[in-house]
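Protein chains in written order, with this note's numbering: chain B, 1 to 225; chain W, 226 to 443; chain L, 444 to 532.
Cβ coordinates follow ideal geometry from the N, Cα and C atoms, glycine included.
Here the structure is laid out as structure tokens; the discussion comes afterwards.
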């Protein structure tokens with residue numbers, strides 16, 4: 001029942017998104033603009049600063065992800081479907097997991113384009129260890145989506161939700177960002193620093209587990225209004 | 226209990242005023258000298274910040290699950306004090322570090338996560354102030370997440386050996402420093418307790434005022 | 444009544460603390476300089492120490508003052524409400 005509900009919510013979001021592709025395209029373009037702006041800051045005389053690619057990639061994911069979160073839940077609020085979802089005889093936590101998976105899928109699609117682009121623009125050798133890279137991106141993005149979906153859902157009825165989401169989300173996701181960036185830097189070394197990358201992936205997994213458990217606990221009491 | 230507030234406040238103020246004398250007579254530390262004496266207030270302030278974060282987290286959890294309004298009052302008081310003592314830690318630390326390490330700031334685990342913890346406390350206060358209706362529950366959720374940060378801050382200096390002193394420093398202080406340290410720590414803890422009591426009292430009065438307004442409308 | 448007491452205590456603390464605190468330290472800096480950071484040796488430690496303590500004291504005083512001020516506002520409103528109620532009776 002739980003898994004079915006979550007997958008149904010995911011399917012619903014996916015179906016809406018496939019039709020208009022509004023959030024996907026705008027998030028992608030925003031991420032590209034981010035990369036452009038940061039590259040201006042971190043490129044010196046035509047050469048990118050060392051390890052800048054890792055930082056810029058994760059910042060672009062975080063900024064674009066924040067926007068995507070805001071817009072996904074804004075859509076729910078605008079259509080007043082959130083109340084309908086909450087009234088449904090389904091476990092609330094399953095609805096949360098469904099929305100969270102939707103964000104993960106959205107960000108994964110963005111990263112499919114973003115990662116090769118960053119590697120290209122910054123001449124970074126990100127694809128030496130593709131399996132580790134995918135694991136790193138997945139754990140980092142999952143953690144971000146877990147925390148972000150909860151906060152965005154909490155804030156959907158707040159007055160200043162647009163600015164409060166980054167204010168609350170960025171400090172909370174700092175450990176995830178540190179893990180992601182340091183793991184990516186480890187993967188771009190010559191030779192690839194496998195033990196470090198694996199350590200960061202494991203750390204990110206632990207953080208994901210803690211955040212997911214906390215989120216599943218708190219979603220129910222937070223959304224009972 | 227309320228009658229004890231003012232005598233205790235007087236005692237604490239006296240202790241606070243006298244503390245620099247006690248600290249001045251404590252032993253000198255060999256490698257850092259005079260500036261090490263910031264520790265007598267920096268370390269207890271750090272302890273209080275972490276304790277306050279835990280208090281806020283536990284109170285918020287109680288508020289979320291048991292819907293106890295008294296817990297909410299304690300939560301907001303503890304959050305304000307976490308922000309206050311966090312600010313003290315984040316200002317006195319760099320003042321000490323400038324002399325002891327040569328730099329104002331270093332991006333190591335404990336410093337970064339303390340900064341993050343402080344930002345979360347400030348975020349809590351922002352949510353309560355600007356969040357609109359239902360912000361008390363949102364802030365409580367945020368506090369529960371923020372408290373997960375606390376054990377990490379405490380343990381981080383033992384896992385990653387950086388310039389920041391480890392947690393073993395306090396239990397193994399030299400006898401000449403112990404007296405001054407625990408005197409200062411007691412002062413800070415008492416100050417925290419009194420500030421928490423005062424702030425909770427303010428919140429209780431505010432709730433009473435709201436009840437009066439509601440009663441008036443009836 | 445409570446506010447007045449709180450104000451008195453706060454004033455005493457404000458007045459007494461600097462008087463007691465600005466006593467000269469026991470000995471002047473005879474510290475061993477940190478070996479691998481020569482430029483830092485020239486930095487005097489006393490201003491940093493004084494700045495740190497002053498900040499703590501100021502922050503604590505400021506916070507207590509904000510509680511006092513907010514409490515004053517709330518109690519004034521409560522008194523106004525009480526007055527309105529006793530007038531309307």
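Asked                                                                                                                            : Found
Three-state class that DSSP yields for residue 292/W in the structure shown                                                      : coil
Inter-residue Cα distance where the pair is residue 513/W and residue 426/W                                                      : Given a span of 226 to 443 for chain W in the structure shown, any question on residue 513/W remains unanswerable.
Per-residue DSSP class, three states only, for residue 395/W                                                                     : coil
Residue 527/L to residue 440/W span [Cα, whole Å]                                                                                : 13 Å
Opposing strand residues paired with residue 400/W [DSSP bridges]                                                                : None; residue 400/W has no bridge partner.
Residues near residue 378/W in its chain [Cβ-Cβ closer than 8 Å; skip 5 each side]                                               : 275, 335, 338, 339, 342
Helix, strand or coil at residue 258/W [DSSP, three-state]                                                                       : strand
Nearest-angstrom beta carbon gap, residue 158/B and residue 98/B [assumed within contact, 8 Å]                                   : About 22 Å separates the two Cβ atoms, so there is no contact after all.
Where residue 280/W falls: helix, strand or coil (DSSP)                                                                          : helix
Cα-Cα separation between residue 220/W and residue 91/B, rounded to whole angstroms                                              : Because chain W here runs from 226 to 443, residue 220/W falls outside it and cannot be looked at.
Euclidean distance between Cα positions of residue 164/B and residue 15/B                                                        : 29 Å
Exposure label - residue 72/B; buried when at least 16 CB within 10 Å                                                            : buried
For residue 142/B and residue 208/B, believed in contact at Cβ under 8 Å, the rounded distance                                   : 5 Å
Interface partners of residue 414/W on chain L, CB under 9 Å                                                                     : Here the premise fails: no neighbours, minimum Cβ distance about 13 Å.
Exposure label - residue 496/L; buried when at least 16 CB within 10 Å                                                           : buried
For residue 339/W, the first and last residue of its enclosing alpha helix (DSSP H)                                              : 334 to 355
Beta-bridge partners of residue 47/B, as assigned by DSSP                                                                        : 44/B
Residue interval of the alpha helix (DSSP H) (run including residue 84/B)                                                        : 81 to 87
For residue 417/W and residue 180/B, the rounded distance between their alpha carbons                                            : 37 Å
Span of the alpha helix (DSSP H), counted from its first residue to its last, around residue 208/B                               : 194 to 222
Spatial neighbours of residue 429/W in its chain, beta-carbon cut-off 7 Å, leaving aside the 5 residues before and after         : 298
Helix, strand or coil at residue 128/B according to DSSP, with G and I counted as helix                                          : coil
Interface partners of residue 424/W on chain L, CB under 7 Å                                                                     : 510
Contact set between the segment 165 to 196 of chain B and chain W, restricted to residues whose Cβ is under 7 Å from the partner : 167, 168, 171, 172, 174
Where residue 383/W sits in the DSSP three-state scheme                                                                          : helix
Residue 109/B (DSSP reduced to helix, strand or coil)                                                                            : helix
Supposed close pair residue 296/W, residue 284/W - CB separation, criterion 8 Å                                                  : 5 Å
Option in 170/B, 184/B, 191/B, 129/B with minimal Cα separation from residue 346/W                                               : 170/B
Beta-carbon proximity list for residue 381/W, same chain, < 7 Å, skipping 5 on both sides                                        : 334, 335, 338
Chain L residues whose Cβ lies nearer than 8 Å to that of residue 317/W                                                          : 495, 498, 499
Contact set between residue 282/W and chain B, taken where Cβ atoms lie within less than 9 Å                                     : None at all; the shortest Cβ gap to chain B is about 11 Å.
Segment limits, alpha helix (DSSP H) that includes residue 71/B                                                                  : 52 to 78
Which listed residue (502/L, 516/L, 524/L) has its alpha carbon closest to that of residue 314/W                                 : 502/L
Cβ of residue 373/W within 9 Å of any chain B Cβ                                                                                 : yes
Interface partners of residue 384/W on chain L, CB under 8 Å                                                                     : Simply none; closest approach about 25 Å.
C-alpha distance - residue 325/W paired with residue 255/W, whole-angstrom precision                                             : 12 Å
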